[in-house]
Amino acid sequence: MKFITEELGEYITYLKYSDLPDEVVLQAKRILLDTLGCIIGAYETRLGHTFIESIKGIHGEKKATMVGDPEKHLWIFAAMANSYLADLLDFEQTLTGHESSVVIPAALAAGEACGKNGEDVITAIVAGYEVQTRVGLAISPSRSRFKEVSSPSVEICSSFGAGSAAGKLFGFSSGLMNRTLNAAGTLSPILTMYKFLERPASLLKGKYWWCAYAGCFAVHLVQNGLHGPRDILGGDHGYWICCGSDQCDFGAFTRELGTSFMIMGDSFKPYPSCRWTHPALDAVQILVLQHDLNEKTIRQIRVKSSSVIKDFRLDDPIPESIVDAEFSLPYAIAMIVKRVSPGLDWYPGGNVSLKNGVRELCEKVKIETDPDLDMRYFEEKTERANPAYVEIETVDGTVFSHAVTCPRGDPTNPLSDSELEEKFTGLCRKRFSEQKIQDLIDSIWNVENTDNISRLMDKVRSAYNSTG
């Protein structure tokens, strides 16, 4: 009987571009467009610039693009840096976690370092998604355990996605891929999600960037003859329990492997905030636009949702940093009411701003846990996303209400390609001309036709030359 990592390793090695249905290829390009936009936009924040500057001095062979610098850098650190930027605005896609913030940077860096073509990179993206998502689903904890330690599926298993994508592009055999997956799991960071909930939040944010490094470094170690355990995912002492979970669906690792594609379940974000806030934000936006409401006409905004809002401190009314604000439902609601365009404008100068009535709007937001919504989301699992019911009371006593169970961007309520292009344009506008933005968009939509992914990344890097 084969180990789980052997089965996954064989899948990664033998997956071909020709195996991918057209809708899977399109989804991979949509994710590439959206994630690259998040990376480019995040560099414009003070925090993003600081992080890039802190690791630019690390050099080595096998060079790749680190967004924010005209020079190429060691591919492993380029992947790590771009992964940090990809997650910094909390504007990238979600599935079991933020797969794209790790898989896309790893695939771009490894593809650039190895001189791979567009088809190769797309195939690696799909492979990375397939493995990371399956690991995340398999090791998801019970509800009671989730309340104790959060979920390892959210971020720390992302090292498997990075290792899968990078190993694929380095042309690893199934045996080397098996070693890479075991090494990637060994190098995964520990689970500290609930410490992140303390306010002010850590400016290191999540661990996606470190998982990108871990997965890519696993590839490097295997290239040099090193490896981890033989079967890190299997058994009573497998990866699942090492990560703090209390259960493992071993069948989920390989169920329908090769016949369905996990990447199709990805959700795209219309707002730069935690996905759990989005149903409430959709409801607020609908009410504000339908009834022409504003900060002067609103007395109070009442939100009912599941316990995840309070458990994860998403009710923080006075965020101190951009990271705090991304996890503050009151702040995001204030941005919606003030009709600030979602994106970098939510965080002027790369920081949080409570001026011009924002603080007062935040204080008008009241949040409570609804037992019925909590049951539907966590126990019955009848909702795909954290459901929300919103009431807005005006100064004259009128109450408007709306409920949202499936937010915009979900596969069943998708953002269009044109909406993703508009989002990408907004994230790139501070650095690129309109013509260059359109050139990037066209290049991504046709990336499967490029003979070397470096051609795309050269266009990105050119924006950071001192000459422009």
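Adding 899 to a residue's 1-based position in the sequence shown gives its number in the numbering used here.
Ideal Cβ positions, reconstructed from N, Cα and C, are used throughout, including at glycine.
The model shown is predicted, which means the values in this text are computed figures rather than measured ones.
Nearest to D918 by CA position, among N1348, K971 and F1160, is which residue?
Closest option to D918, Cα to Cα, is F1160.
Per the contact definition of three or more C-beta pairs closer than 8 Å, is the segment 1286 to 1299 in contact with the segment 1201 to 1208?
Counting Cβ pairs under 8 Å, three or more are found: they touch.
Taking only runs that begin and end inside the segment 1020 to 1072, name each unbroken alpha helix (DSSP H) of 4 or more residues, in chain order.
Counting whole runs of 4 or more residues, the segment 1020 to 1072 contains the alpha helix (DSSP H) stretches 1042 to 1048 and 1057 to 1068.
Within the continuous beta strand (DSSP E) that includes I1291, where are the two ends?
A1287 to T1293 is the extent of the beta strand (DSSP E) around I1291.
Mind listing, in chain order, the continuous alpha helix (DSSP H) runs of no fewer than 4 residues lying wholly within the segment 1140 to 1166?
Correct list: empty.
Does DSSP put N1250 in a helix, a strand or coil?
N1250: coil per DSSP, three-state reduction.
Using CA atoms only, rank isn't needed, just tell me which of L1007, E1047, E922 and K971 is closest to S1361.
Checking every option, the nearest Cα to that of S1361 belongs to K971.
Give a yes or no on whether the C-beta atoms belonging to E998 and C937 are separated by under 8 Å.
No, the Cβ-Cβ distance between E998 and C937 is not below 8 Å.
If I measure Cβ to Cβ from N1285 and keep anything under 7 Å in the same chain, skipping five residues before and after, which residues do I get?
The residues are W1175, P1178, S1204, S1205, V1207 and Y1276.
Please confirm if the segment 1213 to 1231 is in contact with the segment 1250 to 1257, defined as three or more CB-CB distances below 8 Å between the two stretches.
Result yes; three or more Cβ-Cβ pairs closer than 8 Å.
If you draw a straight line from the C-alpha of P1313 to the C-alpha of F1069, how long is it?
If you take the alpha carbons of P1313 and F1069, they lie about 33 Å apart.
Beta carbon of Y1288, beta carbon of D968: below 8 Å?
For Y1288 and D968, no; Cβs fall outside 8 Å.
Enumerate in chain order the residues of its own chain whose CB-to-CB distance from Y1112 is below 6 Å, with the five nearest sequence positions on each side excluded.
The answer, listed in chain order, is M979.
Applying the 10 Å Cβ sphere with the 16-neighbour rule, what's the burial state of I1089?
The residue is exposed, with fewer than 16 neighbouring Cβ atoms inside 10 Å.
Return helix, strand or coil for N1193, following the three-state DSSP convention.
Residue state, collapsed to three classes: coil.
State buried or exposed for S1049, treating a residue as buried only when at least 16 other CB atoms are found within 10 Å of its CB.
So S1049 ends up on the buried side.
If you follow the beta strand (DSSP E) that L973 is part of, which residue opens it and which one closes it?
Note, L973: beta strand (DSSP E), K971 to L973.
Label T1297 either buried or exposed according to how many other C-beta atoms from any shown protein chain fall within 10 Å of its C-beta, with 16 as the threshold for buried.
Exposed.
Hey, how far is the Cα of S1058 from the Cα of V1030?
If you take the alpha carbons of S1058 and V1030, they lie about 10 Å apart.
Thinking just about the alpha-carbon of each residue, which of N1348, N1345, F1323 and F950 is nearest to the one in I1336?
Nearest option by C-alpha distance: F1323.
Find out if the Cβ-Cβ distance for the pair G1062, G1127 is shorter than 8 Å.
Cβ atoms of G1062 and G1127: not closer than 8 Å.
Give the DSSP bridge partners of S1204, in chain order.
According to DSSP, S1204 bridges with T1268 and A1287.
In terms of alpha-carbon separation, which member of W1245, V1222, I939 and H1190 lies closest to R1098?
Residue V1222 is the option with its Cα nearest to R1098.
What ranges does the alpha helix (DSSP H) occupy inside the segment 971 to 1007, keeping only unbroken runs of at least 4 residues that lie completely in it?
If we require 4 residues or more, the alpha helix (DSSP H) runs fully inside the segment 971 to 1007 come out as 974 to 987.
Is there contact between the segment 1007 to 1017 and the segment 1031 to 1039, where contact requires at least three CB pairs shorter than 8 Å?
They do not touch, by the three-pair rule.
Roughly how far, in whole angstroms, is the beta-carbon of T912 from the beta-carbon of M1076, given that I think they are within contact range, below 8 Å?
About 5 Å separates the two Cβ atoms, so the contact holds.
For my contact list, D1165 and L994 are in at a C-beta cut-off of 8 Å; report their separation, rounded to the angstrom.
With 8 Å as the limit, D1165 and L994 qualify as a contact, their Cβ atoms being about 5 Å apart.
Should E1262 and P1216 be called a contact, given that it needs their Cβ atoms to be closer than 8 Å?
Yes, the pair counts as a contact, with Cβ atoms nearer than the cut-off.
What residue range does the alpha helix (DSSP H) around A1224 cover?
Element bounds for A1224: I1221 to E1225.
When DSSP builds the beta bridges, which residues end up paired with N1312?
For N1312, which the question treats as bridged, DSSP gives the partners D1309.
Label Q926 either buried or exposed according to how many other C-beta atoms from any shown protein chain fall within 10 Å of its C-beta, with 16 as the threshold for buried.
Buried, by the Cβ-count rule.
Where does the unbroken alpha helix (DSSP H) through S1342 begin, and where does it stop?
E1333 to W1344 is the extent of the alpha helix (DSSP H) around S1342.
List the whole-angstrom C-beta distance separating A1082 from A1117, where the pair is believed to meet the contact cut-off of C-beta under 8 Å.
Contact flag correct, Cβ pair sits at about 4 Å.
Mind reading off the beta-carbon distance from V966 to I1003? Whole number of angstroms is fine, and I expect it under 8 Å.
Not confirmed; about 12 Å, so no contact.
Does the Cβ-Cβ distance between Y910 and L1156 come in under 8 Å?
Closer than 8 Å, so yes.
Are there 16 or more other CB atoms within 10 angstroms of the CB of N981, so buried, or fewer, so exposed?
With 16 or more other Cβ atoms within 10 Å, it is buried.
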